[in-house]
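Asker:
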Amino acid sequence: MPITESRGVRNRNPGNIDYNPANQWQGQLKPDPAIEKRFARFDTAENGIRALGKLLLTYQRKHGLKTVKAIISRWAPSVENDTAAYVRAVEANTGARPGAEVDLTRPVVMAGFVKAIIHHENAGYAYPDAVLAEGVRRALT
């Protein structure tokens, strides 16, 4: 793989999910500090997208986060990100009005959310539609 790939694409973790031994994600590779010190790594992009989607669903179900702003503020805290710009990008990609509640159990909403996060986290990278759709399908089943 070319070294120019973003970390998230290289790790097949396009949401840049931090590694946590408590998370037993499907397809998660064993940690290897020689390759990656902070973030989880996955066997396929689809499983990385699945983990991203599952985490978003947890934010909505367990933490009661219903708006793009609430979800992204937790996903990408302002200490590390321009969260306001991130929120606007996700709203634009999902067609969500600012402050409107979103339902991540709807495949079209989840796909828009995941696509926008991947784009933001990976310097504009976009997976082929089939890869994105399969990752979203896995997240929602």
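Per my numbering, numbering of the sequence shown is gapless, rising by one per residue and ending at 355.
All residues carry an ideal CB built from backbone N, CA and C; glycine is no exception.
#1: Whether or not the segment 301-318 and the segment 257-264 are in contact is what I'm after, with contact meaning three or more pairs of Cβ atoms, one per stretch, closer than 8 Å; do they touch?
#2: Between the C-alpha atoms of N295 and E335, what's the straight-line distance to the nearest angstrom?
#3: L269 and I231 look like a contact to me (Cβ under 8 Å); what is the Cβ gap, rounded to whole Å?
#4: Determine the burial state of T308: buried for a count of at least 16 other Cβ atoms within 10 Å of its Cβ, exposed for fewer.
#5: Where do the ends of the alpha helix (DSSP H) carrying A306 lie?
#6: Could you spell out the range, first to last residue, of the alpha helix (DSSP H) harbouring A347?
#7: If you drop the 5 nearest sequence neighbours on each side, which residues of the same chain put their C-beta closer than 7 Å to that of I286?
#8: At the level of alpha carbons, what is the spacing between G313 and G326?
#9: Is there at least one non-hydrogen atom of the ligand COA closer than 7 Å to the beta-carbon of G262?
#10: Report the residue ranges of all alpha helix (DSSP H) runs contained in full by the segment 257-299; include only those spanning at least 4 residues, in chain order.
#11: Which residues does DSSP pair with Q242 in a beta bridge?
#12: Are the CB atoms of D225 and E250 nearer to each other than 8 Å?
#13: Using the C-alpha atoms, what's the distance from N227 back to R221?
#14: Check E315 in the structure and name its three-state DSSP category.
Answerer: On the basis of the data shown:
#1: Fewer than three pairs of CB atoms, one per stretch, sit closer than 8 Å, so the segment 257-264 makes no contact with the segment 301-318.
#2: Counting from 1 along the sequence shown, the entry for residue 295 is found at position 81. Counting from 1 along the sequence shown, the entry for residue 335 is found at position 121. Cα to Cα, the separation comes out at about 10 Å.
#3: What you label residue 269 is simply residue 55 of the sequence shown in a count that begins at 1. What you label residue 231 is simply residue 17 of the sequence shown in a count that begins at 1. Confirmed, about 6 Å.
#4: The residue labelled residue 308 in the question sits at position 94 within the sequence shown. By the neighbour-count criterion, in which a residue is buried when 16 or more other Cβ atoms sit within 10 angstroms of its Cβ, T308 is buried.
#5: If you number the sequence shown from 1, residue 306 lands on position 92. Start and end: 297-308.
#6: Stepping through the sequence shown from its first residue, residue 347 is reached at position 133. In this chain, the alpha helix (DSSP H) harbouring A347 covers 343-353.
#7: As a position in the sequence shown, residue 286 is number 72, starting the count at 1. Contacts found: T297, Y300, V301, V304.
#8: Looking up residue 313 in the sequence shown gives position 99. Looking up residue 326 in the sequence shown gives position 112. So the two alpha carbons sit approximately 16 Å from each other.
#9: Judged by which ligands are present, the structure shown has none, so any question about the ligand COA falls away.
#10: 259-275, 282-289, all fully within the segment 257-299.
#11: Counted from its first residue, the sequence shown places residue 242 at position 28. Per DSSP, the beta bridge partners of Q242 are F256.
#12: Along the sequence shown, read from residue 1 onward, the residue named residue 225 stands at position 11. Along the sequence shown, read from residue 1 onward, the residue named residue 250 stands at position 36. One detail in the question is off: residue 225 reads as Asn in this sequence, not Asp. Cβ atoms of N225 and E250: closer than 8 Å.
#13: Residue numbering aside, residue 221 sits at position 7 when the sequence shown is read from its first letter. Residue numbering aside, residue 227 sits at position 13 when the sequence shown is read from its first letter. Those two C-alpha atoms are separated by around 8 Å.
#14: Residue numbering aside, residue 315 sits at position 101 when the sequence shown is read from its first letter. Reduced to three states, the DSSP call for E315 is strand.
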